[in-house]
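Peer 1: Pasting in a structure now, in structure tokens, and then I'll have a few things to ask.
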DNA sequence: GGTCAGTTAAAACAGTTGTTTAAAATAACT
DNA sequence: AGTTATTTTAAACAACTGTTTTAACTGACC
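Residue numbers (the working numbering), protein chains in the order written: chain A, -9 to 196; chain B, -9 to 196.
This is how it looks when you write it as structure tokens:
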């Protein structure tokens, strides 16, 4: 395991847990058991480290997700919204093969990035992965053509909020579910819960 | 204007903008034009200041919201979910009379509190305002009695996520809406957009 | 063996953080 | 007016932040 990867792994875990602002380089380097200066040597700055952590996941997820979305669009003249959102499930869960707790970590990171650091991650994602977003918009449009561009814009951001917020506090929510309902839920269980919700939300009558 | 209130106002604005972690006491005291030590003198600690900022809003909102929710429950044997969520609108918008930008500030604070500081605000709200949450659950149950307690739990948290995330980035979203659709949206416009979405989400078939 | 790029290491940097101290200023009360 | 209590002030505190520096080490190539 190289120093660079030890840092990436440690940073990923801590960023997901406590946010970008809430995690110091010293916490990262001591969890990674590397020297403090290694971060700036290998990545240049903390901000670049954040980008590197996110890129590792996005580069893995992005092509799979684009493929799944075009598959949904090709499979039917008018796919259901549930089908569109279900296209996310497999690529997201595949992150668990890519890395242990990959799905959960990535979604939590996404949540952190949207509220920490005043939207710089939103800029990062929309400028670096625009085809992904376009593919998603196209799929939703095909499933619900009556939805205006403006309404679509809002509902997709509501959806983003639902996902991202749920995942950034998913650990706490799964704990509560275990206590109150004696039910063990994992990240794929949460995803299955959320799909009907967002599909119905996006598909709400105008 | 007392020192205590100057601090509360400045803290509220900065907390909403940049989060609790992202705001320093020195930023707060220089915006409030008071001495740095005044925060610890009047509030004891930064954490207590956060609680005080949130309490000021919750004490204003909570009784109005409880009343509105019981009114919905009393008005019909089976109110619609849109009616239940619409009960939030007036009490939330009334915060604008209570304080300038009150609605937007409060909702943004709520969003910050849920992602910053590892869920301590969730604990604060659920332990301090339990009747509010119970009233909400009761209203949703009356509108959709087939929904199991567990599904209800998840969907209410999804809803919380939608609201809270949307509001914590509402400034950015309203900017984009202005650029892309040449449409001026204010906070009440966003609320009106989000109600059909969350109502449909909570009301999704099981 | 010596040279040299790549990497690691300890230490210090300058700046910021929340909090505390102790003195000065103001207000309230007898 | 004189004596409390309350509030404000400037200064310092120790701890922590991201980043830089300088020296030491590593392994490869000639």
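A virtual CB, placed ideally from N, CA and C, is assigned to each residue, including glycine. Remember, predicted model here, so these are calculated numbers, not experimental data.
1. Nearest-angstrom Cα distance between residue 183 (chain B) and residue 58 (chain B)?
2. Against chain A, which members of the stretch 65 to 81 of chain B pass a CB distance test of less than 8 Å?
3. Report buried or exposed for residue 139 (chain B), applying the criterion of at least 16 other Cβ atoms within 10 angstroms of its Cβ.
4. Does the distance from the CB of residue 94 (chain B) to the CB of residue 177 (chain B) come in under 8 Å?
5. Would you say residue 170 (chain A) lies against chain B (beta-carbon separation less than 8 Å)?
6. Return helix, strand or coil for residue -8 (chain A), following the three-state DSSP convention.
7. Quick check: the stretch 87 to 106 of chain A against the stretch 150 to 157 of chain A, are there 3 or more CB pairs under 8 Å?
8. Looking at the unbroken alpha helix (DSSP H) that takes in residue 170 (chain A), where does it start and where does it end?
9. Give the DSSP-derived three-state secondary structure of residue 70 (chain B) in the structure shown.
10. Check distances from the C-beta atoms of the stretch 141 to 153 of chain A to those of chain B and list, in chain order, the residues that come in under 9 Å.
11. So, with DSSP's three-state summary, where would you put residue 195 (chain A)?
12. Mind checking if residue 24 (chain A) is an interface residue toward chain B, Cβ cutoff 8 Å exclusive?
13. By how many angstroms is the C-alpha of residue 70 (chain A) removed from the C-alpha of residue 30 (chain A)?
14. Note down the Cα distance separating residue -6 (chain B) from residue 78 (chain A), rounded to an integer number of angstroms.
15. Using C-beta distances below 6 Å, list every residue in its chain close to residue 17 (chain B), excluding the 5 sequence neighbours before and after it, in chain order.
16. Just to confirm, are residue 143 (chain A) and residue 170 (chain B) a CB contact at a threshold of 8 Å?
17. Within the same chain, show all residues whose beta-carbon is closer than 8 Å to that of residue 72 (chain A), passing over the 5 residues directly before and after it, in chain order.
18. Determine, using beta carbons only, whether residue 118 (chain A) comes closer than 8 Å to chain B.
19. Go ahead and label residue 81 (chain B) buried or exposed: buried means 16 or more other beta carbons lie within 10 angstroms of its beta carbon, across all protein chains shown.
20. The alpha helix (DSSP H) with residue 134 (chain B) in it runs from where to where?
21. Measuring straight from C-alpha to C-alpha, what distance separates residue 8 (chain B) and residue 105 (chain B)?
22. Can you name the start and end residues of the alpha helix (DSSP H) that residue 82 (chain B) belongs to?
23. Is it right to say residue 13 (chain A) is buried, meaning 16 or more other beta carbons lie within 10 angstroms of its own, or is it exposed?
24. Residue 187 (chain B) versus chain A: which residues are under 7 Å apart at the beta carbon?
25. To test your reading of the DSSP string, which unbroken alpha helix (DSSP H) runs of 4 or more residues are found completely within the stretch 16 to 63 of chain B?
26. For residue 0 (chain A), which residues from the same chain have a beta carbon less than 7 Å from its beta carbon, with the 5 sequence-adjacent residues on both sides left out?
27. Could you give the first and the last residue of the continuous alpha helix (DSSP H) run that contains residue 197 (chain B)?
28. So, is residue 153 (chain B) buried or exposed, given that buried needs 16 or more other C-beta atoms within 10 angstroms?
29. Could you tell me whether the Cβ of residue 184 (chain B) comes closer than 8 Å to any Cβ of chain A?
30. Taking 8 Å as the CB-CB cut-off, is residue 16 (chain A) touching chain B?
31. Using CA atoms only, rank isn't needed, just tell me which of B:40, B:-4 and B:37 is closest to residue 25 (chain B).
32. Applying a beta-carbon distance threshold of less than 9 Å, which residues of chain B neighbour residue 201 (chain A)?
33. In three-state terms, what does DSSP make of residue 197 (chain A)?
34. If you draw a straight line from the C-alpha of residue 88 (chain B) to the C-alpha of residue 136 (chain A), how long is it?
35. Please decide whether residue 125 (chain A) counts as near chain B, where near means a Cβ-Cβ distance under 8 Å.
36. Taking only the alpha-carbon atoms, compute the straight-line gap between residue 146 (chain A) and residue 84 (chain B) and give it to the nearest angstrom.
Peer 2: Judging by the given coordinates:
1. Reading the second chain from its first residue, position 193 is the one you call residue 183 (chain B). Reading the second chain from its first residue, position 68 is the one you call residue 58 (chain B). Those two C-alpha atoms are separated by around 20 Å.
2. Closer than 8 Å at the C-beta level to chain A, one finds no residue of the stretch 65 to 81 of chain B.
3. In the second chain, the residue the question calls residue 139 (chain B) occupies position 149. Flag for residue 139 (chain B) reads exposed.
4. Sequence index remark: in the second chain, residue 94 (chain B) carries index 104 (1-based). Sequence index remark: in the second chain, residue 177 (chain B) carries index 187 (1-based). A contact, by the Cβ cut-off of 8 Å.
5. Translated into positions along the first chain, residue 170 (chain A) becomes position 180. It does: the Cβ of residue 170 (chain A) has a partner Cβ on chain B nearer than 8 Å.
6. In the first chain, residue -8 (chain A) corresponds to position 2, counting from 1. Here residue -8 (chain A) carries a coil assignment [DSSP, helix/strand/coil].
7. At 8 Å Cβ cutoff, the stretches touch.
8. By one-based count along the first chain, residue 170 (chain A) stands at place 180. Looking at the DSSP string, the run of the alpha helix (DSSP H) that includes residue 170 (chain A) is 160 to 171.
9. One-based indexing of the second chain puts residue 70 (chain B) at position 80. Here residue 70 (chain B) carries a coil assignment [DSSP, helix/strand/coil].
10. Considering only beta carbons, the part of the stretch 141 to 153 of chain A lying closer than 9 Å to chain B consists of 141, 143, 144, 145, 147, 148, 149, 150, 151, 152 and 153, in chain order.
11. Translated into positions along the first chain, residue 195 (chain A) becomes position 205. Looking at residue 195 (chain A) - three-state DSSP - the assignment turns out to be coil, as it is neither helix nor strand.
12. Against the first chain, residue 24 (chain A) aligns to sequence position 34. Interface flag for residue 24 (chain A) against chain B is unset, since no Cβ pair is found closer than 8 Å.
13. Here the question's residue 30 (chain A) lines up with position 40 in the first chain. Here the question's residue 70 (chain A) lines up with position 80 in the first chain. Going by the C-alpha atoms only, they are around 47 Å apart.
14. Counted from its first residue, the second chain places residue -6 (chain B) at position 4. Counted from its first residue, the first chain places residue 78 (chain A) at position 88. In a straight line, the C-alpha of residue -6 (chain B) is about 49 Å away from that of residue 78 (chain A).
15. Start at 1 with the first residue of the second chain, and residue 17 (chain B) comes out as number 27. For residue 17 (chain B), where only same-chain residues beyond five positions count, the Cβ hits under 6 Å are 4.
16. To locate residue 143 (chain A), count along the first chain from 1; it is residue 153. To locate residue 170 (chain B), count along the second chain from 1; it is residue 180. Yes.
17. To locate residue 72 (chain A), count along the first chain from 1; it is residue 82. Excluding positions up to five away in sequence, the list reads 185, 186 and 189.
18. By 1-based counting over the first chain, the position of residue 118 (chain A) is 128. Judged by the 8 Å Cβ criterion, residue 118 (chain A) is not in contact with chain B.
19. In the second chain, counting from the first residue as 1, residue 81 (chain B) sits at position 91. Classification of residue 81 (chain B): buried, given that the 10 Å Cβ count is 16 or more.
20. Taking the second chain and counting its residues from 1, the one referred to as residue 134 (chain B) is at position 144. Residue 134 (chain B) -> no alpha helix (DSSP H), and no H or E assigned at all.
21. The residue you call residue 8 (chain B) lines up with position 18 of the second chain. The residue you call residue 105 (chain B) lines up with position 115 of the second chain. Taken atom to atom, the span from the alpha-carbon of residue 8 (chain B) to that of residue 105 (chain B) is near 12 Å.
22. To locate residue 82 (chain B), count along the second chain from 1; it is residue 92. Run containing residue 82 (chain B): 79 to 88, per the alpha helix (DSSP H) assignment.
23. For the purposes of this step, residue 13 (chain A) is taken as the residue at position 23 of the first chain. Classified as buried, residue 13 (chain A) has 16 or more neighbouring CB atoms from the shown chains inside 10 Å of its CB.
24. Walking along the second chain from the start, residue 187 (chain B) turns up at place 197. Listed along the chain, the chain A residues whose CB falls inside 7 Å of the CB of residue 187 (chain B) are 145, 148, 191 and 194.
25. Fully enclosed alpha helix (DSSP H) runs of 4 or longer: 27 to 33.
26. For the purposes of this step, residue 0 (chain A) is taken as the residue at position 10 of the first chain. Contacts found: 18, 21 and 22.
27. With chain B covering only -9 through 196, there is no way to say anything about residue 197 (chain B).
28. Within the second chain, numbered from 1, the residue matching residue 153 (chain B) stands at position 163. Counting Cβ neighbours within 10 Å, residue 153 (chain B) comes out buried, since at least 16 surround it.
29. Here residue 184 (chain B) is taken as the residue at index 194 of the second chain, counted from 1. By this cut-off, residue 184 (chain B) is an interface position.
30. Your numbering for residue 16 (chain A) matches position 26 in the first chain. Chain B contact via Cβ: absent.
31. Here residue 25 (chain B) corresponds to residue number 35 of the second chain, with the count starting at 1. Cα-wise, what sits closest to residue 25 (chain B) is B:-4.
32. Past the edges of chain A, shown from -9 to 196, lies residue 201 (chain A), and the structure says nothing about it.
33. Examination of residue 197 (chain A) is not possible in this model, given that chain A is present from -9 through 196 alone.
34. The residue given as residue 88 (chain B) occupies position 98 in the second chain. The residue given as residue 136 (chain A) occupies position 146 in the first chain. Taking the straight line from one Cα to the other gives about 39 Å.
35. As a first step, residue 125 (chain A) must be located in the first chain, where it is residue number 135. No - not a single Cβ of chain B is within 8 Å of the one on residue 125 (chain A).
36. Locating residue 146 (chain A) in the first chain gives position 156, counting from the first residue. Locating residue 84 (chain B) in the second chain gives position 94, counting from the first residue. Counting only the Cα atoms, residue 84 (chain B) lies some 28 Å from residue 146 (chain A).
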